[in-house]
Amino acid sequence: MGKRLTLVVLIVLAASMLAFGSGQKAAGEDGASAAAPGQAYDQTKVAWSPNVDRVIAKEYKLPEGAEEAIAAEGTEKIIVYNWGDLSWDPATLLNGSLFTRLTNVQVQFVGTPDEQMTPKLQPLFIAKSDAVDVVPLDETNYANYVHRGWLEQVDFLWDAETMAEYHTGLKSTVIDGHYYSVPQVGRIIDILYYRPSMLKAAGFDGPPETWDELLRIAKATTVDKNGDGSIDQWGFAFKAGGVLDGAQLIKAASLLLGVNPDDVNGKVKFNTPESIQVVQMFADMRNRDKVVPPGVTAYQHGDVADFFLSGNVAMVIDPTYLYARCVESDISNDFGVALQPAARPGGPMTQIQHWNGWGLSKFSRNKTAGLIFMDIYRSYRGQVNEFAIENNEVFLKRAYEDPQSKLVGYSDVLAKINDTVVDIYLGQGEVYKAVIAEFQKALVGQKSAKEAMDDAQTRIDKIMKY
Amino acid sequence: MSRRGQSLVNDSLFGFLIVLPSVLLLFLLVLFPVGYVLVLSTQDWTATTPAFTGLSNYVKLLTDDPLFWEFFMHSIEYVVLAIGSATIVGLLVALSLNAINKFQGTLRTFALWCWAVPPVIASLMWKWMLNDTSGVMNELLLRAGLISQPIAWLSLPVWTMVVLSQVHAWTAIPFITVILLAGLQTVPVELHEVAAIDGANALQRFRRITYPLLKPSMLTAVMLSVIFAFRHIDIVFTLTKGGPGEATELLVTYLYSNAFDYLRLGYAAALSVIMVIVSVLIVMLLINVVRAERVEY
Amino acid sequence: MLVLYLLFALFPIYWMFITGLKTDSEIYSPQPTVYPHNPTFENYVSIYEGRPYTQYTINSIVISVGTTLVCIAFGTIAAYGFSRFRFPGNRTLRYTLLVSRIFPPISLIVPFFLIIGALRLYDTKLAQIIINTYMWLPFFIWINIGFFDSIPRELDESARIDGATRFQSFFRISLPLAVPGIGAASIIAFLETWKEFIYNLVLAPTPNAKNLSVGASDFIADMFISWGEMGAGAMIAAIPAFVFVIFFQRYIVQGLSSGAVKG
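Residue numbers (my numbering), protein chains in the order written: chain H, 1 to 466; chain Y, 1001 to 1297; chain V, 2001 to 2263.
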């Protein structure tokens, strides 16, 4: 009878599999035609167009029909997920309360660390749940979500005139000719931070402006201060440990040599001579010149920032958010900010803008309210708040001219930036992971720079199906 | 009390009935998820709508994915190193705790405390402690004069795996200790006393008396710890994310990437089924090893 | 030797503790300090400001206690049944129980989400208790089967001969002897539920049912980690569990004094 019991178990198991297999199929097919959640949004109820006036107005005004539409949907609150906890996002909270003031709809923010975002959102999407309205996006998840059909198409929020108000990099968020998002911020991720006192002690008056100078200064500022045989102060540090960090490091440096690895004649190619040169340079910094700590291969998140704040390193390249932390720290009187050094005098100064956006869940029941939230965020007031309060660069060009924006401590550095890129494509996350894996092997000396990048490219070809 | 005659329920049925509530509860909760994953593993999620592809995910994993085998080896290393040392240390700790008479409660409490820390937090703390420039680990070793250069614990191609496995051991030792300690309570003190009178020393007493009686507990402890270690993701994920250069990438982190970074849910589901099969094989192996040993005693 | 181990085991906890007491200046100073030079409680205060840490604590306690009680209620007698009685499917069921737990939790997130959603229990503590019971009942049973196995059957049989019913023989004879096993298994169930992360993360997004383990990751901001607050948060997440260990560790040994195993 033991056998019979086993048989029973297997049959029940098989039955459940069949049940769910067919249930899944039904769910998978009816994407757009199901009732309420998943139903295509009827944008004619609200007078979205002309978008541009609303977007550039100093005080945001609701488009006509919005209040009625929100009331018709019975919305009392919207649920918005946010990258990271909100105690460090005062601008987001401010934009949220602006939204609530205008619409009488509450905003429930759910702050989630980066790594936890997709595990939290994915079950919601797969179950077509209405438990989330607005989701945060970046290069790692945007293309995937669009591909899966989880985001509402928002073409009605955009047109040529409106797009012209934003940095050109935003064009990369158009997928197959359609819009699925609004921009939240576009952080410049590579600004040079340095310690004037350490540089002066080594005989340098100002920050490096080329790679040669960077290396020279790094060597001079890597010292063993107390003579115990181990280095206490390092010249330089970078992040090679995370999913974006390592790959964007290579891309940022490649851009300074004039090549964008994410777009070499329309293809992703990380083994161009420029990228290999870059990888070699970083590996040399670690292994030959010894101006960066060996542990850089594991630095991610805020590790480099923490390193700089603890006073153990003379220069780092990190995103602009570090500025606010420096101002509030013990080294507030002894730090400087500059553009990252060019590859050579007069070389290209193209910078990466790390895009964060908002998208509307296809299964939300509060679409109009969600769209208004997104609309406020990408408009003048929302963008100025982000830049002025949180020092996050934004895509709306006019936002930099606001008097509040001019007060930001490093706006003079930003004013020198002309040329930025944003790249988003399907498979980007996997590509970057392969690049970082190989990059780290080159960093620890297991492979030469060329071998590593060629191997990375083999994997990229497979991922992108070239 | 009069002798009860045959009751309505015979022994066998009784046993079945008292087991039923738990079994039913668990089955109801388990069948759907397991069935779901099995169905998912037969689907291909690279297109916009999932499509049925039979067993091709499994075939692809086993024959067309060199990463799978590489990470499989890493997982085995991780588990063996972590649970190997955890078992030895756990055994020694349990024996010590059992033998000590004073402050038993306090010592036991201290030994178990590290187990109460949630894994994500523990991982972050370790990550910071092992940081090569501002980590306290290097600081202490340098001050003690045991090393002359700070060690980049999380960036060594070969040794980082050892480091990670020992962090895992840190989380696993209390678990093993608890089970073994409870198991040691079933070893009658008299047997030890008799053997001591007969002239056996501590090691002999351990081998002949303690060890055989402790075997079921050890089996349970090791088996469960191995299962946990095989699918434990927090430590590797937080400390190295699989680096440097995929030297510490495990099957379970690969599973995570496929499921959440690349959204290849079908592939990920197939991978998890394979992981289950491997775990079951490991368990069966362990059980058989113990059974084989029993023969000789 | 025990001392060495204790140092190893407790140092990270000590480190967590003092980090929570350090000022930001000290945390980011050039060299790590082994004890706080200017201890301050500002981190502990700030983590409560605007954060429902009390709610998280209550949630954690309710969920862990609830799960442990359910496991004891269902699992003890089930383990007894598996150990003592021969019935068809005994072996199969045991192993099926175990196999069900071998699936990596992350691969079961989506189906569990669907179940909990269908039961309309999203974002509730009950859902957490259900899931954690699913997680730990099989092990609870498995561990106790081992303990019941090691209690000689003769004891049961002599009780039955003396006229006790099966239940009586269970409650009066076997159960007291199994206390070490139940104690150990309960500690495991409680602490593992306490530490549970991924299912709480996915199924409990608001403070309604969010536990301390997930709540501690509130300090991971978008681009950095607030170490001081993390240290304080971590201690708070661990202290009730510490207290639990203090009280319950004695149950592992209690069985010895019942004395039934004397020859």
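Each residue gets a CB set at the ideal place from its N, CA and C atoms; glycine is no exception.
Just so you know, these numbers come straight off a predicted model, no measurement behind them.
Asked: By the DSSP assignment, the beta strand (DSSP E) with Gly246 of chain H in it spans what residues?; Found: Segment Asp245 to Leu256 is the alpha helix (DSSP H) holding Gly246 of chain H; no beta strand (DSSP E) there.
Asked: Look at the Cβ atom of Ile1121 of chain Y, then the Cβ atom of Ser2060 of chain V, and state whether they are nearer than 9 Å.; Found: no
Asked: Let me know if Thr320 of chain H comes out buried or exposed under the rule of 16 or more other beta-carbons within 10 Å of its beta-carbon.; Found: buried
Asked: Report yes if the CB atom of Phe308 of chain H is closer than 9 Å to the CB atom of Tyr193 of chain H, and no otherwise.; Found: yes
Asked: Roughly how many angstroms lie between the CA atoms of Val1093 of chain Y and Ala2184 of chain V, to the nearest whole one?; Found: 16 Å
Asked: State the DSSP-derived secondary structure class of Trp158 of chain H, mapped to helix, strand or coil.; Found: coil
Asked: Pull up the CB-CB distance for Tyr2199 of chain V and Phe2112 of chain V, whole angstroms please, since I reckon it's below 8 Å.; Found: 7 Å
Asked: Rounded to the nearest angstrom, what separates Leu1250 of chain Y and Ala143 of chain H at their Cα positions?; Found: 26 Å
Asked: To test your reading of the DSSP string, which unbroken alpha helix (DSSP H) runs of 4 or more residues are found completely within the segment 1070-1131 of chain Y?; Found: 1104-1113 and 1119-1129
Asked: Taking 9 Å as the threshold (beta carbon to beta carbon), is Ala298 of chain H in contact with chain Y?; Found: yes
Asked: How should Ala252 of chain H be labelled, buried or exposed, when 16 other C-beta atoms within 10 angstroms of its C-beta is the threshold for buried?; Found: buried
Asked: Using a Cβ cut-off of 8 Å, pull out every chain Y residue sitting near Val2099 of chain V, in sequence order please.; Found: Val1276 and Val1280
Asked: Closer than 8 Å is the cut-off here; do at least three beta carbon pairs connect the segment 1058-1074 of chain Y with the segment 1147-1157 of chain Y?; Found: no
Asked: At what residues does the beta strand (DSSP E) containing Gly357 of chain H begin and finish?; Found: Gln351 to Leu360
Asked: Thinking Val55 of chain H and Arg381 of chain H are a contact (beta carbons under 8 Å), I'd like their distance in whole angstroms, please.; Found: The pair is not a contact, with the Cβ atoms about 10 Å apart (cut-off 8 Å).
Asked: What residue from H:Asp53, H:Ile317, H:Gln404 and H:Pro345 has the CA that sits closest to Trp158 of chain H's CA?; Found: H:Asp53
Asked: Please name the residues in the segment 1043-1060 of chain Y whose beta-carbon is closer than 8 Å to at least one beta-carbon of chain V, in chain order.; Found: none
Asked: Determine which residues of the segment 278-311 of chain H have a Cβ less than 8 Å from any Cβ of chain Y, and write them out in chain order.; Found: Pro293, Pro294, Gly295, Val296, Thr297, Ala298, Gln300, Asp303, Asp306, Phe307 and Ser310
Asked: Cutting at 7 Å between CB atoms, please list the residues of its own chain near Gly427 of chain H, excluding the five before and the five after it.; Found: Ile463 and Met464
Asked: Does the distance from the C-beta atom of Ile2143 of chain V to that of Ile2106 of chain V stay below 9 Å?; Found: no
Asked: Do you know how far the Cα of Thr1253 of chain Y is from the Cα of Thr1238 of chain Y?; Found: 11 Å
Asked: DSSP three-state label for Tyr471 of chain H, please.; Found: Examination of residue 471 of chain H is not possible in this model, given that chain H is present from 1 through 466 alone.
Asked: Output needed in chain order: residues of the segment 1009-1025 of chain Y with a Cβ under 9 Å from some Cβ in chain V.; Found: Val1009, Asp1011, Ser1012, Leu1013, Phe1014, Gly1015, Phe1016, Leu1017, Ile1018, Val1019, Leu1020, Pro1021, Ser1022, Val1023 and Leu1025
Asked: Alpha carbons only, please: which of H:Trp358, H:Val264, H:Glu139 and H:Trp83 is nearest the one belonging to Leu244 of chain H?; Found: H:Glu139
Asked: I'd like to know whether the C-beta atoms of Val2245 of chain V and Leu1112 of chain Y end up nearer to each other than 9 Å.; Found: yes
Asked: Out of curiosity, what's the CA-to-CA distance linking Val46 of chain H and Asp375 of chain H?; Found: 13 Å
Asked: Against Gln440 of chain H, what residues of chain Y qualify as contacts under a CB-to-CB distance less than 7 Å, listed in chain order?; Found: Gly1243, Pro1244 and Gly1245
Asked: Return the CA-CA distance between Leu512 of chain H and Ser2025 of chain V, expressed in angstroms with no decimal places.; Found: As displayed, chain H neither begins before 1 nor continues past 466, which places residue 512 of chain H out of reach and without an answer.
Asked: With 9 Å as the C-beta to C-beta threshold (strictly closer), list the residues of the segment 1150-1177 of chain Y near chain H in chain order.; Found: Pro1150, Ile1151, Ala1152, Trp1153, Leu1154, Ser1155, Leu1156, Pro1157 and Thr1160
Asked: Rounded C-beta distance between Val134 of chain H and Gly302 of chain H? I'm assuming under 8 Å.; Found: Not really, about 26 Å apart at Cβ, beyond 8 Å.
Asked: From Phe1206 of chain Y to Leu1286 of chain Y, what distance separates their C-alpha atoms?; Found: 21 Å
Asked: Should the segment 2124-2137 of chain V be regarded as contacting the segment 2067-2085 of chain V, the criterion being three or more beta carbon pairs within less than 8 Å?; Found: yes
Asked: Could you round the C-beta distance between Asp2266 of chain V and Pro1216 of chain Y to whole angstroms and report it? I think they count as a contact, below 8 Å.; Found: Within the shown structure, residues of chain V are numbered from 2001 to 2263, placing residue 2266 of chain V beyond reach of any answer.
Asked: From the beta carbon of Leu443 of chain H, is the nearest beta carbon of chain Y less than 9 Å away?; Found: yes
Asked: Do you know offhand how far Ala1086 of chain Y's Cα is from Gly2215 of chain V's?; Found: 29 Å
Asked: Cβ of Ile2145 of chain V within 9 Å of Cβ of Ser2186 of chain V?; Found: no
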